[in-house]
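J.:
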C-alpha cells in the first residue's frame, strides 16, 4: 500500500471511528548473558548488549544506542509521510542523532546527575528538488508529529509493576 | 570484564576525574524504501521499517517498537548492575513493556492528541533466591538509575538542525 493510500485509508477509518486510531505497541525480553538481552517485538527478534567497557560482549547495540536508532528512524519515516501529506518531493533524508550521557547517573555516583541523556542533537538533511523553504516547512511539520521526538522531548506517564518471586516454602 | 570489575573500575576512574563519566552516543541512517530505514550505531547495522498497514514491508521492527526494546533492555541491564551493586542474587529478569499510541497524533488528525505514547506500562519479573523485599529494594533502585526509563518519564532537551538543499543554480 502506498504512503498516499495509507494516509487516505487511515484518515477515513479514524473519521468513521476515532477508536481506529488506538494502537498498542509491545516488546519483551530477558537477560541471556551478563548484559545481553534477547527481546521480541512484533515478529522481530532483537539482541541488545553492552560493549566490553560496560561488561558486555557487544552482541548488539546497547539500550541507549537503540533509543537513538528509534529517534533517527522515526524522524526519517515521519519525513516520508509528511512530505506526501504536504505534496513535497523527497528523494531521501539523512538523519544523524547524537546524545550526551553522563554515566554518573547510571552508576549512582552523583545524585544530582540524571540517569538519562543530558542533551540530544538531531541533524537532518532532506534531499530532493524542492526549495529550501519547502523543506523547512516540512521539517517544522515533522517535528510536530514525530512520535519518538515527542517521547524524547516531553514527559510520558510510565507505570512499573514488579512481580517479585514468592518466598521459598 | 565482570560487572563487579566494571563498577569498581568506573567508580575509580570517575573519582579521579568526573570527565571520565562523559559519553557520547550516536546513530545515523537514511531512507532506503517507502518506510525502510538503514541505520548504523556503533559497529551495528540496524534495519527499521513499518508494517504493511503503515506502508512498509516489515523488514525490521518500527521506531516505536525499538523505543520499547530500548526501555525493556535498559531495565534488564540496570537490574543486572544494581543487583551486583546491592549484593542481591539475580538469576534472570523478564521485562514486558506495553505502550498506548493514538495514531491521530502522527497523522495530524487531532491537534489535541500528542504524537508520542499516551501511557507506558512496564512489567518486571526478577528471578532468584532472595526475599521479595530485596527484589522490591532492587526495583526501586533500578528505577532511579535506568537511563531509558529517565528518557521516557522525563523531558530531555532536543535540538534539531535541518540542512536544506541549496537552491538549484
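Residue numbers (the working numbering), protein chains in the order written: chain L, 58 to 226; chain Y, 58 to 226.
Glycine included, every Cβ here is placed at the ideal spot set by N, Cα and C.
1. Between Y:124, Y:123 and Y:150, which lies nearest to residue 135 of chain Y when the distance is taken from Cα to Cα?
2. Scan the stretch 97–111 of chain L for residues whose Cβ lies nearer than 8 Å to a Cβ of chain Y and list them as they occur along the chain.
3. Below 7 Å between beta carbons is the criterion; list the residues of the stretch 149–175 of chain Y that meet it against any residue of chain L, in chain order.
4. If residue 130 of chain Y and residue 177 of chain L are in contact, beta carbons under 8 Å, what's the gap, nearest whole angstrom?
5. State the beta-bridge partners of residue 132 of chain L as determined by DSSP.
6. By Cβ distance below 7 Å, which residues in the same chain neighbour residue 209 of chain Y in space, the five residues on each side in sequence not counted?
7. Can you say whether residue 204 of chain Y is buried or exposed, counting buried as having 16 or more other CB atoms within 10 angstroms of its CB?
8. Report the start-end ranges of each beta strand (DSSP E) in the stretch 103–180 of chain L that is 3 residues or longer and not cut off at the edges.
9. By the three-class DSSP mapping on this structure, what secondary structure does residue 91 of chain L have?
10. Roughly how many angstroms separate the alpha carbons of residue 65 of chain Y and residue 158 of chain Y, rounded to a whole number?
11. Suppose contacts are defined by Cβ-Cβ distances below 8 Å. Is residue 88 of chain L in contact with residue 126 of chain Y by that definition?
12. Tell me which residues share the same chain as residue 162 of chain L and place their Cβ nearer than 6 Å to its Cβ, disregarding the 5 neighbours each side in the sequence.
13. Is there contact here, the stretch 79–86 of chain L with the stretch 192–200 of chain L, by at least three beta-carbon pairs under 8 Å?
14. Compare the C-alpha of residue 221 of chain L against each of Y:166, Y:63, Y:99 and Y:152 and name the closest.
15. Tell me which same chain residues have a C-beta within less than 7 Å of the C-beta of residue 107 of chain L, skipping the five on either side of it?
16. Quick check on DSSP: helix, strand or coil for residue 21 of chain Y?
17. Assuming residue 187 of chain Y is part of the alpha helix (DSSP H), what are its boundary residues?
18. Is the Cβ-Cβ distance between residue 184 of chain Y and residue 207 of chain Y less than 8 Å?
19. Should residue 72 of chain Y be labelled buried (16 or more other beta-carbon atoms within 10 Å of its own) or exposed?
20. Would residue 196 of chain Y pass as an interface residue toward chain L - the criterion being a Cβ-Cβ separation below 8 Å?
21. Does any residue of chain L have a CB that is nearer than 8 Å to the CB of residue 193 of chain Y?
22. Any C-beta of chain Y within less than 9 Å: which residues of the stretch 113–137 of chain L qualify?
23. For residue 61 of chain L versus residue 115 of chain Y, is the C-beta spacing smaller than 8 Å?
24. Counting only the same chain and skipping the five closest in sequence on each side, list residues whose C-beta sits under 7 Å from that of residue 155 of chain L.
25. Residues in its own chain within less than 7 Å of residue 137 of chain L by CB, not counting five upstream and five downstream?
26. Sort out for me which residues DSSP pairs residue 219 of chain L with in a bridge.
27. Just to check my reading of the structure: residue 68 of chain Y and residue 111 of chain L have Cβ atoms closer than 8 Å, yes? What is that Cβ distance to the nearest angstrom?
28. Return the Cβ separation of residue 181 of chain L and residue 215 of chain Y in integer angstroms, given the expectation that the two are a contact with Cβ distance under 8 Å.
29. Which residue from Y:75, Y:201 and Y:160 puts its Cα closest to that of residue 75 of chain L?
30. Would you list the residues sitting across from residue 97 of chain L in a DSSP beta bridge?
31. Span of the alpha helix (DSSP H) holding residue 65 of chain L?
32. Taking the Cβ atom as the reference point for each residue, do residue 187 of chain L and residue 145 of chain L lie within a distance shorter than 8 Å?
33. Could you check whether residue 213 of chain L and residue 39 of chain Y sit closer than 8 Å to each other, using their CB atoms as the reference points?
34. Are the CB atoms of residue 90 of chain Y and residue 105 of chain Y nearer to each other than 8 Å?
35. Got a sec: is the Cβ-Cβ distance from residue 206 of chain Y to anything in chain L below 8 Å?
36. Compare the beta carbon distance of residue 124 of chain L and residue 124 of chain Y with 8 Å and say whether it is the shorter of the two.
T.: In short, the structure shows the following:
1. Y:150
2. 98, 99, 100, 101, 103, 105, 107, 108, 109, 110 and 111
3. 149, 150, 151, 152, 153, 154, 155, 156, 157, 158, 159, 160, 161, 162, 163, 164, 165, 166, 171, 172, 173 and 174
4. Contact doesn't hold; Cβ gap of about 19 Å is too wide.
5. Answer by DSSP bridge pairing: none, since residue 132 of chain L is not bridged.
6. 128 and 177
7. buried
8. 149–159
9. coil
10. 41 Å
11. no
12. 170, 171 and 172
13. no
14. Y:152
15. 92, 113 and 119
16. The shown model of chain Y, from 58 to 226, leaves out residue 21 of chain Y, and the question about it has no answer.
17. Careful: residue 187 of chain Y lies outside any alpha helix (DSSP H) and carries neither H nor E.
18. no
19. exposed
20. yes
21. yes
22. 113, 115, 117, 118, 119, 120, 121, 122, 123, 124, 125, 126, 127, 128, 129, 130, 131, 132, 133, 134, 135, 136 and 137
23. no
24. 178
25. 60 and 147
26. Y:181
27. Not a contact, Cβ separation roughly 13 Å.
28. Actually they do not touch by this definition, with Cβ atoms about 12 Å apart.
29. Y:160
30. L:85 and L:102
31. 60–73
32. yes
33. Residue 39 of chain Y is absent from the model: chain Y starts at 58 and stops at 226.
34. no
35. yes
36. yes
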